[in-house]
Amino acid sequence: MTEILGVPVAVLSGQLMLGVINGSFYALLSLGLAVIFGLLKIINFAHGAMYMLGAMCTVLMFDAFGINYWVALFLAPVVVGCFGIVLEYFLLRRIAGQDHIYSLLLTFGIALILQGVLTNIYGVSGLRYSMPEVFRGGMNLGFMFLPYYRAWVIVAALVVCFGTWFLIEKTRLGSYLRAGTEDSQLMQGFGINVPLLISLTYGFGVMLAAFAGALAAPIYSVSPVMGSNILIVVFAVVVIGGMGSIAGAVITGLMMGVVEGFTKVFYPEGSAAVIFLVMVVVLLIRPSGLFGKEA
Amino acid sequence: MTITKKLLTSAVASALLVGSAQAEISDNTVKIGYLADMSGTYRDLAGPNGQTALEMAIADFGGKVNGAKIEVVSADDRNSPDSASSTARRWVENENVDLIAGLVASSVTIAVSNILEESGKLGIVSGSAASSITNEHCTPNHIHYVYDTYPLANGTASAVVKEGGKTWFILTADYAFGHALEGDVTRVVEENGGEVIQTVRHPFPTSDFSSFILQAQSSGADVVALANAGADTTNAITTAGEFGLTQSGQTLAALLLFLTDVHALGAQSAQGIQLTTGWYWDMNDETRAWSDRFMEKTGVRPTMVHAGIYSSTIQYLNAVKATGSDDAQTVRKQMMDTPINDMFAKNGYIRKDGRMVHDMYLAEVKTPEESESEWDLYDIVRTIPGEEAYRPLSESKCKLVTQN
Amino acid sequence: MATTTTQTDIQQSIVKQQKSEQRKKRILNLVLLALLLLAPAVMYPVFLMKILCFALFAVAFNLLLGYTGLLSFGHAAFLAAGSYTTGYLLSNFSGLTTEMGIIVGTAVATVLGLGFGIVAIRRQGIYFAMITLALAQLVYFFFVQAPFTGGEDGMHGVPRGHLFGLVDLENNYAMYYFVLAVFLGGYLMVQRIVGSPFGQVLKAIKQNEPRAVSLGYNVDRYKLLAFVISAGLAGLAGSVKTVVFQLASLNDAHWHMSGEVILMTLLGGTGTLLGPVVGATFVVNLEYQLAQGPLGDWVDPILGAIFVLTVMAFRSGIVGEIQNFMRKNMS
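Protein chains in written order, with full-length UniProt numbering: chain C, 1 to 295; chain G, 1 to 404; chain R, 1 to 331.
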């Protein structure tokens, strides 16, 4: 039995691997979205734009100042994170407590501005960014050739995802965060600066998106429009996982990467739609997502 | 409105009869509407810089034709046939626009050409790839100038098969343009004795191609052909490089690459790729001289579309000058009768289906060592004569050809 | 004795005020109607028709968002379903009169709406939005794959045909008054629904769903009906749009379109009858004007800035803010 449905097992193992790699990107992006939704109740339609900013930052910092990949991987998310905090402070904060739809409209507007302005400056063909020297080449796994960089993507994404989960679920800061969003007045009473906490959370969620962007820079075409299509898919991932569930977002991200990967083998045309099919089915069976708490 | 409508229809009728209606320029103005994607996926290959090329043409022509002034209006079609057709309709019906230029996304082009046919005005398509524009969608009111999918497949695929690439894996963007290209490539490969062993259609757009590249590798085909465009193609090429596709002995053939795409990839990632182009800025003194002027204004080197917009505008204005008329059929006939010899094309000519036939070029992307500057990217390997490159009229499904 | 007189006085004055308000409204509506009837003399009819089609789409959407409190993120599917069905019928069956094509298109969208509704209606808030989005993405995928849509190239050259087999719609003026009639029909229908007991129940659901349940209403059934009507009207807008432009394209089915109708509605003012009309007019006009001008390539950032401004500065939308202003200054 070396074939499944006419596809060699070696190919399938390769696709499984690639699915996990793509899933890592979904996990990082949906994690940020889930953190922001879970703690701030904001539907961040600017998430794709923040992913794009992370990648653009990485490229532009190299072009302008020769900042190398490793520094950019740290610096780009910080820069974009700070930008996120500014947005939160001047805009999002002022509509806290309003209907979801306003945060959706606001962040969508921000995304349009960012994307449009950068398109006018840098065009849409994409910016050049070369692979860091250490990651050139790859290893032969027997069933596939795995570029070193893709292996690094898995490691980096999983470490960051686990770190985030740990930070929010297991540390004191995380418990403040969770409590602060449940009952901010009480937390204020305890002497904790809740507004600051919320700004930082938004900044952090955005940072995760920018980190994914920086991670994507060497392997995907970096352009101002790179974030607009991934956004909807990542939303689907978060919903399937259960809005606001941190672990759910990560696990579902990886799973959806794999599901999409296999679809690319058996029915490639449908690989863009399969996630939405899964989403409909999941919501029919479990209305609050795979890992969400029953409402 | 009914009166204008009647006037229009009678104008169309008389134009169709003789092709030399009124020998005068309507309201003493030649008005050109530039309609293109200014902000979306196809921005860089035509877009705002295409308008610059158009304006350069008018300035070089002297800004006036037979004493009539030349005006330009422009609009972003937003890649939406709705927006494009409401703009185009208003231009031709209310604002006396004589020529619509630009035209990139095929859905936009087909929508606009229908309006042109209805209203009896002229269009010159420079950006679209679909060969159906002068085949099943042909009208007596438009000209397709720069390139189409037919020569893209012809040039690249036949060259690669002749070099020994017998078995093919085609990765196709899953929409009309990709399907057309896939069909054309399959035909060319089989005619030359090659075989297409697998085709995979990917959703449009796709950002991660690793899965498809892996499938291409395990197919064992000699050649992996990319029947897609823009960001899809650049992403696929980057990924192919990362996964060592060419190191393992497979040839990568990109069927539609614009200079801006190759520039985005850089010589490092794109080296050795063969592609077919209608024009390249660094072919001779004439092309270089024009490109230098273009670059002064825009900061980038022109794509074949930019050059085509310039050239076709000059051709159009020459025809208006020669006939003293801006009537669509009069001008179109004059353009068909005049061979095109300029920095864009040599001995190019416009067929009755509206196809501008000219030589195409098989190019290979230079290695980083060979490439002397940022835009020094292509080696022209072979000139493909226009007759050989484009779909022969004998295979045409165009109503203008089959009727006679 | 004295107290009763004051009570009747107050009642009378309230009645009088209501009457005068109604009169004012009626006058406003008549003025608007007159403007719409005369508009093609000044403005380009095809452009006006585009506005009317999107206005109808937004009015349909507002029945859900503004009066039932349901945020659908998949309304593009209905617009496209109407659009493609009508386009297909009119292109392939030459004997068909235009209104038949439109009626069938609307019917298909209505049935699709029923399907969406049955799947989605039990979900709350953001989950409702997301499941409608997912379903619409599947519909989009269907339209990409189905051979009759022409995929990315779109469906072109749809004949406008003859209304009732009599009126030649190739004439832009005939077409305009037909579109205007359809739009007014849709608008008045929504107005009637909102004012009816059914509409009152919808509003009650929007304000407080558990209370509506405890009052004994079968909330899901009301919501479903509202959803189906909204879907049908959106389909009608799509069908008419196809006849006007003589084409149908994937843009109609893309999620951007679902987003755009949300924006139009919010910008104009949700929960007001005129709001979506004003919003649609504003957005279509703005996109159009900007695309022509020197700022041609800045349409997106400018639209984005307007959304940000709307949310920050006038959240009730254009019509909503005007109403608030009037209320403040009249009383």
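Virtual Cβ for every residue (Gly too), placed ideally from N, Cα, C.
Between residue 132(G) and residue 204(G), what straight-line distance do the alpha-carbon atoms span, to the nearest angstrom?
-> Working through the second sequence from its first residue, we reach residue 132(G) at position 132. Working through the second sequence from its first residue, we reach residue 204(G) at position 204. About 20 Å.
Work out the CA separation of residue 198(C) and residue 176(G) for me, nearest whole Å.
-> The sequence position of residue 176(G) within the second sequence is 176, counting from 1. The sequence position of residue 198(C) within the first sequence is 198, counting from 1. Distance between the alpha carbons of residue 176(G) and residue 198(C) is about 47 Å.
Spatial neighbours of residue 22(G) in its chain, beta-carbon cut-off 8 Å, leaving aside the 5 residues before and after = Against the second sequence, residue 22(G) aligns to sequence position 22. Bear in mind that the predicted position of residue 22(G) carries a pLDDT of just 47, short of 50, making it too unreliable to give a figure here.
What did DSSP end up calling residue 145(C) once you bin it into helix, strand or coil?
-> What you label residue 145(C) is simply residue 145 of the first sequence in a count that begins at 1. Residue state, collapsed to three classes: strand.
Cβ-based neighbour list, residue 234(C), same chain, cut-off 7 Å, excluding 5 preceding and 5 following = For the purposes of this step, residue 234(C) is taken as residue 234 along the first sequence, with counting starting at 1. These residues qualify, in order along the chain: 26, 29, 30, 33 and 47.
Which partner residues of residue 173(G) appear in the DSSP bridge assignment?
-> Here residue 173(G) refers to the residue found at position 173 when the second sequence is read from its first residue. Partner(s): 202(G).
Just how far apart, CA to CA, sit residue 75(G) and residue 22(C)?
-> For the purposes of this step, residue 75(G) is taken as residue 75 along the second sequence, with counting starting at 1. For the purposes of this step, residue 22(C) is taken as residue 22 along the first sequence, with counting starting at 1. Distance from the CA atom of residue 75(G) to the CA atom of residue 22(C), rounded to whole angstroms, is 38 Å.
Would you mind stating whether residue 333(R) and residue 164(R) have Cβ atoms separated by less than 7 Å?
-> This structure leaves residue 333(R) out entirely; chain R is present only between 1 and 331.
Near residue 64(R), which residues of its chain fall below 7 Å by C-beta distance, leaving aside the five closest residues on each side in sequence?
-> Taking the first residue of the third sequence as position 1, residue 64(R) is located at position 64. Answer for residue 64(R): 70, 72, 226, 227 and 230, listed in chain order.
Entirely within the region 36-100 of chain R and at least 4 residues each: give me those alpha helix (DSSP H) ranges in chain order.
-> List check, alpha helix (DSSP H) in window: 45-65 and 76-92.
Taking C-alpha atoms, which residue in 93(C), 145(C) and 177(C) lies nearest to residue 248(G)?
-> Residue 248(G) sits at position 248 when you count from the first residue of the second sequence. If we check each option's Cα against that of residue 248(G), 145(C) comes out closest.
Beta-carbon gap between residue 38(C) and residue 203(C) smaller than 7 Å | For the purposes of this step, residue 38(C) is identified with residue 38 of the first sequence, where counting begins at 1. For the purposes of this step, residue 203(C) is identified with residue 203 of the first sequence, where counting begins at 1. No.
Return the CA-CA distance between residue 135(C) and residue 216(C), expressed in angstroms with no decimal places.
-> Taking the first sequence and counting its residues from 1, one reaches residue 135(C) at position 135. Taking the first sequence and counting its residues from 1, one reaches residue 216(C) at position 216. If I take the Cα positions, the gap works out to 13 Å.
Going by the beta-carbon positions, is the gap between residue 234(R) and residue 57(R) smaller than 7 Å?
-> Along the third sequence, read from residue 1 onward, the residue named residue 234(R) stands at position 234. Along the third sequence, read from residue 1 onward, the residue named residue 57(R) stands at position 57. It is a contact, given that the beta carbons lie within the stated cut-off.
Check whether residue 124(R) and residue 276(C) have beta carbons under 7 Å apart = The residue given as residue 124(R) occupies position 124 in the third sequence. The residue given as residue 276(C) occupies position 276 in the first sequence. Cβ distance not < 7 Å, so residue 124(R) and residue 276(C) don't count as in contact.
Between residue 131(R) and chain C, is there a C-beta pair that is closer than 7 Å?
-> Within the third sequence, numbered from 1, the residue matching residue 131(R) stands at position 131. True, the Cβ-Cβ gap to chain C drops below 7 Å.
Check the C-beta distance from residue 242(R) over to residue 83(R) and give it rounded, since I have them as a contact under 8 Å.
-> Residue numbering aside, residue 242(R) sits at position 242 when the third sequence is read from its first letter. Residue numbering aside, residue 83(R) sits at position 83 when the third sequence is read from its first letter. At roughly 5 Å, the Cβ-Cβ gap stays under 8 Å, so residue 242(R) and residue 83(R) are in contact.
Chain R contact for residue 148(G) (CB, 7 Å cutoff) | For the purposes of this step, residue 148(G) is taken as residue 148 along the second sequence, with counting starting at 1. Cβ-Cβ to chain R under 7 Å: no for residue 148(G).
Members of the region 38-64 of chain R near chain G, C-beta cut-off 7 Å = Taking 7 Å as the Cβ-Cβ cut-off against chain G, the residues of the region 38-64 of chain R that qualify are 44, 46, 47 and 50.
Could you name the residues of the region 162-178 of chain G whose beta carbon sits closer than 8 Å to any beta carbon of chain R, in the order they occur along the chain?
-> 174, 175, 176 and 177
Just reading off the beta strand (DSSP E) that residue 140(C) is part of, what are its end residues?
-> Within the first sequence, the letter at position 140 stands for residue 140(C). First-last of the beta strand (DSSP E) with residue 140(C): 138-140.
CB contact flag (residue 318(R), residue 271(R), <7 Å) | For this step, residue 318(R) is matched to residue 318 along the third sequence. For this step, residue 271(R) is matched to residue 271 along the third sequence. Not in contact: residue 318(R) and residue 271(R) (Cβ atoms no closer than 7 Å).
At least one CB of chain C closer than 7 Å to the CB of residue 205(G): is that the case?
-> To locate residue 205(G), count along the second sequence from 1; it is residue 205. Closer than 7 Å: yes.
For the region 136-147 of chain G against the region 114-126 of chain G, are there 3 or more C-beta pairs whose distance is under 8 Å?
-> With a cut-off of 8 Å, the region 114-126 of chain G and the region 136-147 of chain G count as touching, because enough Cβ pairs lie within range.
Per DSSP, the bridge partner or partners of residue 274(G) | By one-based count along the second sequence, residue 274(G) stands at place 274. According to DSSP, residue 274(G) bridges with 253(G) and 364(G).
Residues that residue 270(C) contacts on chain R, provided the C-beta gap is smaller than 8 Å | Here residue 270(C) corresponds to residue number 270 of the first sequence, with the count starting at 1. 141, listed in chain order.
If you run the structure through DSSP and keep just helix, strand and coil, what is residue 147(G)?
-> As a position in the second sequence, residue 147(G) is number 147, starting the count at 1. If DSSP states are grouped into helix, strand and coil, residue 147(G) belongs with coil.
Nearest-angstrom Cα separation, counted from residue 219(R) out to residue 211(R) = Indexing the third sequence from 1 puts residue 211(R) at position 211. Indexing the third sequence from 1 puts residue 219(R) at position 219. About 10 Å.
Is residue 178(C) helix, strand or coil when you go by DSSP?
-> Start at 1 with the first residue of the first sequence, and residue 178(C) comes out as number 178. The DSSP-derived three-state label of residue 178(C) is helix.
Ignoring anything shorter than 4 residues or poking outside the region 16-76 of chain C, list the alpha helix (DSSP H) runs there in chain order.
-> 47-65
Touch check for the region 157-171 of chain G and the region 249-258 of chain C: three-plus C-beta pairs under 8 Å?
-> In this structure the region 157-171 of chain G does not lie against the region 249-258 of chain C, because fewer than three pairs of beta carbons, one per stretch, are closer than 8 Å.
Return the first residue and the last residue of the alpha helix (DSSP H) that residue 274(R) is part of.
-> Locating residue 274(R) in the third sequence gives position 274, where the first residue counts as 1. Note, residue 274(R): premise wrong, no alpha helix (DSSP H); not H, not E.
Can you grab the Cα-Cα spacing for the pair residue 10(R) / residue 18(R), in whole Å?
-> Locating residue 10(R) in the third sequence gives position 10, counting from the first residue. Locating residue 18(R) in the third sequence gives position 18, counting from the first residue. Cα-Cα distance, rounded: 12 Å.
Does DSSP put residue 257(R) in a helix, a strand or coil?
-> Residue mapping note: residue 257(R) aligns to position 257 of the third sequence, counting from 1. If DSSP states are grouped into helix, strand and coil, residue 257(R) belongs with the helices.
Status (buried if at least 16 other CB within 10 Å, exposed otherwise) for residue 69(G) = As a working note, residue 69(G) is residue 69 in the second sequence. By the neighbour-count rule (16 or more Cβ atoms within 10 Å), residue 69(G) is not buried but exposed.
With 8 Å as the limit, tell me which residues of the region 329-361 of chain G have their beta carbon closer than that to any beta carbon of chain R; keep them in chain order.
-> none
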